[in-house]
Every structure is written in structure tokens, then in C-alpha cells.
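Numbering follows the working numbering, with no gaps: position 299 of the sequence shown is 1305.
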Amino acid sequence: MISRRPFWQRAGIALVLLPLVLLGGIVLADRLFPPPLDQVRTSAVALDRNGEWLHGFTVVDRDGERRWRLQADLEDIDPVFVERLIAIEDKRFHSHPGVDPLAVFRATGSLIRHGEIVSGASTITMQTARLLEPRPRTIPSKLVEMVRALQLEARLSKAEILELYLTLAPYGGNVEGVRAASLTWFGKEPSQLTDAQQALLISLPQAPEARRPDRRPQAAAAGRRIILAKLEQAGAISPSLADEADEAVLPSARQPLPRHAWHAAYAAAAAMPQGGEARLSLDGRLQAMAERMASDYSKTSGDTANAAILVVQNDGRKVRALAGSAGLDLPGGWIDMTAARRSPGSTLKPFIYGLAFEDGLATGRTLIDDAPYSFDGYKPENFNREFNGDVTLAEALQHSLNVPAVLTLDKIGPDRFAASLKASGVVAQMPDTTDHRASLAIALGGLGLSARDLAMLYAGLADGGEILPLDWLADGEGRGSQSYRLMSAGNAAEITAILKSAPTPAGRTPTALTARAPQIAFKTGTSYGYRDAWAAGYTDEYTVIVWTGHASGQPRPGETGRDAALPVMFAVFDRLEALSRPEARPALPEDTLKAGDALARLDRDERRGAPEIVFPENGIALYLSSRDSAKGYTLAARGGQGGYRWYVDGFPVMRDEIGNRPVWKPSGPGFYEITVVDAAGRAATSSISVTSAG
């Protein structure tokens, strides 16, 4: 007979085991049904080297809708905004475990007394749970949110929960997250919000569509007023500041986000399927400059030709600008033509001669016969179909003669030259022949290379013959570590000296005579049938590659690298030089007050200090409407000694005929540096961005 334990013993065991079983069940359920944190996707955003916005992409959510959802970071949000948000939404946020018992009791009592919820019990953590998994607003859904809130609190810190909420909170339309809202509604980062703007952004998630300021301004103003009143009651804002914020103008339209560097940004976004930010090596000002120049070329080309511009800083091989096309609206504009393999024309000739120097076969002074030759039936001709007899290799390179280049390649061996390119990291597309081997035709463009390949090679010439991969990321992790010495520093210097002495286009001062400007070594190239026009150039600091043509390969009769691409390349270098001058401004006029003339006034002038730019302030974003484009912006400064002179990216700003005011008309969207200089030569600078408002 089996003896049974007394009831009190069995009850005691049950009381001990039941909590353990319940706890085990809770832990098991928590492991089997965790909150879907891994399903949170944010917009991919490309930033420039300084952290400035270049381009962003909407994220496709689980419901198939596209949304602007930017990752929130508390370090980049005004802490006053965070404190005010907590004061309004969940004042015991830092003390409760995800569910606020006092708020639950208050809401339950309200339901019993009034038959409806007058005061809600949702904490910020519970709201975050609902944003993660939207459900109908029912009591069972509320219970699920409570459980999810406890799960979130067990996994995340309070700061992480706040960041998740501020990433997912809705702000009207397809805008989610406080950063996307701040940029979309106000054109500024959430670290720069005014009291009125903070109040509106605290109000919007409570009724994102009903309070949209662009569609329902009265409701938006009323919602903002409610928040300001609550903040004043909580002591989070003074009555005078609350009244001032209540009178502030609401945004009447969404602000478009900047859209620069589409090709580079798209590549970065493809590498971030869950979203996030990628800080690229691109420089925002140089990127905007390259895009404008490519677009300007297309507009004035006569046949809506495309253009691509690549700017590389030689030190570190940092890519500072990449205009993959002249515009996404052009045929083939979505194709990144800096990555497309095209015939490079004559742009490889410097490297053919450089290898000949390296092998000891010749120097720049070596004579070579520029005469008709036949290489097993291959009979190259010069571009003008004339021959020059004996010329030096330097002259042959400067004038891009074809026969000497083929003769030199024949001495080196096309296979050896192709192997050197491959060892340099250049991915060449060989002719579509039976054996796909290199031939003498590669001296004149008989292979496929990209602008990126040419940038590697020409930056290597600028760096003493050492070839390195291009670096696409600001942190230096965007390239491999391999390097290859294509030629000695001495031979690279000789090639550079030859290219610096090449004849320049009409109206352009020869590089050798521009002692005060950077010395540009350059080479042009034109592919067979005028399908591609190239210009490649470099200084000690930068390498610039320019391609013009049609993405389809459509011929452009008569459009050579010298005529089509070279002027663009020189224009890029001119802007680089202007932007790299100290303070990026021209020398002061001769009648400017000199220190020696002002000793008696020095003390007074020092007390006055430097001028200060009132408009546009440093760091702001201007949104360019058609009206602004026509009228321009009136620049304003104060302080200093007066007699202001204004410069934008180093170029003087003209004054209007009425009122003699400095009026600046931006040439288009992009980054600009605005400088004011007073009569004493003291200066102030504002770095701003301009975005098209439509």
C-alpha cells in the first residue's frame, strides 16, 4: 500500500513548485516568442566625410509601404526634447519595469467610472511594443503590449528603448522617427529644434495624420498648444517661452531631403540591407560641384550627351567626388559611368612609355620614327592621318602620336603590359577574340577600362608610380591594403614632366607657365568611332577623370577628348584650386587697409572684433524655390569694421542695382561656403547646403 503525504505537505510542495513552473513557462515563452527586434529596418543613408547628408533611401516595410525611418541616436537629439517627451508621455519612465502600475490603476478606475478610458496607461515602452507589432486597440491587445513591454525592458536599457521609440514613432505620412521628422518638417537635425518645433514633434505621434501641419494646420497648432500647456504645468517651459512658441509659424510643406551622389549612395545602401548610415569618403562640396559640372556639360552639349566625373585625393586615394552621370533623367543616367568599362582611347599611352623607361628601352629623349608601319596587317595611323618622321618619345606622348605608342608597346610586349595592369588591380576587359589575349591595339584603346581604373593608374603616377586601390569610406576601411609599384618614382616623375608640358586648348595658359597655380599633368583619349571622350589629369593633391559620351555607345562624330572632356577637367581643377586656397577667398584689393596704416586704430578695431554672418547662419540648410532662384538671397553681416565684401566658394558676390545689397543666386542644390571680409581684412565664414524645394 502506497502511503500518501499529508495534505499540508502536498500543498507546500505545490506552493514551491508552482512559481518555479510559472517562471519556467514564462522564460520558455519569452524564448519562443521574443519581441521582433530583428525585423526593424531603417532607411539607408549615405553621409559625406564630415557627416553631412548626401542621399537617403526609403525602407520598404512589412506592409509593402515605403517609409522614411531614420535610426535615432540620443547623442544627436537635444536632451531637453527627450526630457519633455518623457514628461508628457511617461513621467515614471525611468522607474517602472515597462508597465506603470499606478497608470494602470488610474486607467482602470476611469474605465469603471466613465465607461471609457479618459487617461491612458501606455508607457513609452508599451507604445514601442505597439509600434513593433501594430494591433487593434483592444483590451487583449493592451495585455499583449504589457507582456511585450516587460520583454523589451528585460532586453534593452532605458536609453535603447527611447532610441527605438524615437526611431519608430509616426510623424505623419510616411515619416517615422524623430530624425526623419525633424529633417522633413523643419530641414534641420533634432539637436537644433526650437521650443515650438519640439512641442509639435511631441504632439504628432499622438495623432500623426490628424495633426499633419501641411494638411491640417489648425489641428497641428491646437495639438502643439496642448503640449505647451502641459509642459508649462510641469515646469518644463516658462510661460513667456510657451506663449512665444505658440505663435511660431507651422511648416506648410514637407522639406525634400538632399539627393546627392546617387550612384555611390545606392552602392552603399545595397551593402546595408537592414539600413543604417555609411560615412563615405566623398566631400559634400566637391560632390555638388562635380554634379553641377556634369549637368552643365550635358545641357550645353547640343546632343544631351552624358558625362561622368571622378575626383580622387591622391593622399590615401580618397574618392572626394563621384558624378556617375549628368542626371538620372538622361538615357542611361542610372548607370554609373565611372564603373562602366569603355574604350579608354589613348589614355594608356603614358603607362606604355613608363614601362619602356622602366625596362631601360628608352627615355623621353629617345628618337623614334613616326612613319607608316604594318604589324602583321595591323596598320595604325595618327589621328590627323599624317606622319612626322623622327620624334622624341616625349613629343610622341605630348602630341598623342599613335605609331610611336604601338611601336613602343611592341617592344614591351602587349601581354607583359596587360599583366602589369592586372597586377596593379586594374580589371581590363580584353577584346572579344578567340583567345581574349592582349594585342597591340590596346595602345589605342582596344580594351575596356573604367574611369575608376584610370583614376587608380593616374593617381599612381602622382604618387611616384605606386598603385593603390581607391578608398570609398571616410574611416579608411573602404579599400584593400595591396599596392603595386608600376614604375620607379624617377620614371613616374619623367612621365609627369612630359604630361605637364602637353599643349593646352586654345585660351588656356600652358601648365608650365602657371607658376602660382597647381601644375596639371594631363592626357586625353578618344575611342574608335567617337563613342567615348576622356580627359585624365593630376596634380600633387588631386586626380580627376572625366568621361563624356552616351551610355548606349552612340557615336558623337568629331567629339574628341580634347574638345569635349578636357575643358570639363580643367574647370574641375580650377574649382578645386579655388576651394583649396586659404579661406577659399581671393586676394584683397590693393586699397585694402594694411596693418602698417592702422596702428593708431588697432586697439579700437580689436575691440570691434571680426564680422559675424547674420544670414545665412553657419550649418543651415536653405530650400531653393523657383521664387528664391529668381530673386536670390540677400546676404547680411554685422560687426567688424564694415565695408563688407562677400564671396561664395571664393568668387565675389555682385550687388543689386537697387539698394546696393549683396544678392546671391545659388546655381543649384549643393554645398556652399559663404565668406564675408570687412575693411580690416577680418573674415567670417558660413558653410551651408542648398536643396531644391521642388
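Even for Gly, the Cβ is constructed at its ideal location relative to N, Cα and C.
Own chain partners of residue i with C-beta closer than 8 Å, once the 5 adjacent residues on each side are dropped
i, result
"A1616", "G1645, G1646, D1684, R1688, A1689 and A1690"
"Q1212", "G1229"
"E1618", "A1643, R1644, G1645, G1646 and A1690"
"G1535", "P1561"
"R1422", "L1361"
"G1770", "No statement about residue 1770 is possible, as the shown extent of the chain runs from 1007 to 1700 and does not include it."
"R1661", "R1667, P1668 and V1669"
Inter-residue spacing [alpha-carbon to alpha-carbon] between residue i and residue j
i, j, result
"R1185", "V1620", "26 Å"
"L1403", "V1065", "51 Å"
"E1500", "H1269", "36 Å"
"K1600", "A1642", "Any reading at K1600 is ruled out, since the residue's pLDDT is 36, under 50, leaving its predicted position unreliable."
"F1099", "L1138", "18 Å"
"W1553", "N1312", "8 Å"
"I1341", "A1557", "8 Å"
"A1705", "K1417", "Outside the shown range of the chain, which is 1007 to 1700, sits residue 1705, and nothing can be said about it."
"A1686", "G1649", "9 Å"
"L1060", "D1054", "6 Å"
"A1571", "G1183", "44 Å"
"G1339", "G1638", "30 Å"
"S1692", "K1428", "45 Å"
"G1070", "N1180", "12 Å"
"A1294", "I1551", "16 Å"
"D1084", "L1256", "20 Å"
"P1356", "E1401", "12 Å"
"I1448", "I1358", "10 Å"
"T1502", "Y1464", "10 Å"
Selected residue, minimal CA-CA separation from residue i, among the options
i, options, result
"G1555", "R1537, A1468, G1564 and A1542", "R1537"
"L1237", "P1085, Y1650 and A1093", "A1093"
"I1694", "A1627, W1652 and P1675", "A1627"
"P1437", "S1349, D1106 and A1235", "S1349"
"L1172", "G1470, D1459 and F1087", "F1087"
"K1385", "A1411, T1372 and D1365", "A1411"
"P1223", "P1672, L1206, E1283 and S1101", "L1206"
"T1549", "L1292, A1434, G1370 and A1424", "L1292"
"D1469", "R1443, N1497 and G1482", "N1497"
"D1459", "V1433, T1372, T1131 and A1444", "V1433"
"G1282", "M1152, A1259 and Q1077", "Q1077"
"A1274", "P1041, V1051, I1208 and L1149", "V1051"
Spatial neighbours of residue i in its chain, beta-carbon cut-off 7 Å, leaving aside the 5 residues before and after
i, result
"M1299", "I1315, V1574, A1577 and V1578"
"E1472", "G1466, S1489 and R1491"
"D1752", "Summary: the structure shown does not reach residue 1752, with the chain confined to residues 1007 through 1700, and so no result is reported for it."
"D1609", "Note that D1609 has pLDDT 38, beneath the 50 cutoff, so the model's placement of it is unreliable and no number is given."
"S1147", "R1141"
"E1623", "S1692"
"A1259", "D1220"
Contact check, residue i vs residue j, beta carbons under 8 Å
i, j, result
"L1476", "M1462", "yes"
"L1005", "Y1177", "Lying before the first or after the last residue shown, residue 1005 is absent from the chain, which here runs from 1007 to 1700."
"S1456", "T1344", "yes"
"I1374", "L1399", "yes"
"A1135", "R1154", "yes"
"S1352", "S1406", "yes"
"R1090", "Q1261", "no"
"A995", "L1288", "This structure gives no information on residue 995, because the portion of the chain shown stretches from 1007 to 1700."
"A1225", "A1216", "yes"
"L1080", "L1168", "yes"
"L1158", "G1193", "no"
"R1714", "S1049", "An answer regarding residue 1714 cannot be provided, because it is not within the stretch 1007 to 1700 covered by the chain."
"W1191", "P1219", "yes"
"L1336", "T1310", "yes"
"N967", "N1408", "This structure leaves residue 967 out entirely; the chain is present only between 1007 and 1700."
Own chain, CB closer than 6 Å to residue i, minus 5 neighbours either side, in chain order
i, result
"Q1280", "R1047"
"G1559", "R1537"
"A1240", "A1093"
"R1285", "L1053 and A1480"
"V1659", "W1652, P1668 and W1670"
"I1680", "V1654 and S1692"
"E1058", "G1290"
"I1526", "T1517, G1543, T1545 and F1579"
Three or more C-beta pairs below 8 Å linking the stretch 1452-1460 and the stretch 1368-1384: no
Segment contact, 8 Å Cβ cut-off, at least three pairs: the stretch 1240-1257 with the stretch 1221-1230: yes
Any contact of the stretch 1528-1547 with the stretch 1562-1569, i.e. 3+ C-beta pairs under 8 Å? yes
Hey, is the stretch 1318-1329 in contact with the stretch 1541-1560, meaning 3+ C-beta pairs nearer than 8 Å? yes
At a cut of 8 Å, does the stretch 1330-1338 reach the stretch 1297-1312 through at least three beta carbon pairs? yes
Is the stretch 1189-1207 touching the stretch 1152-1171 in the sense that three or more CB pairs, one from each, lie closer than 8 Å? no
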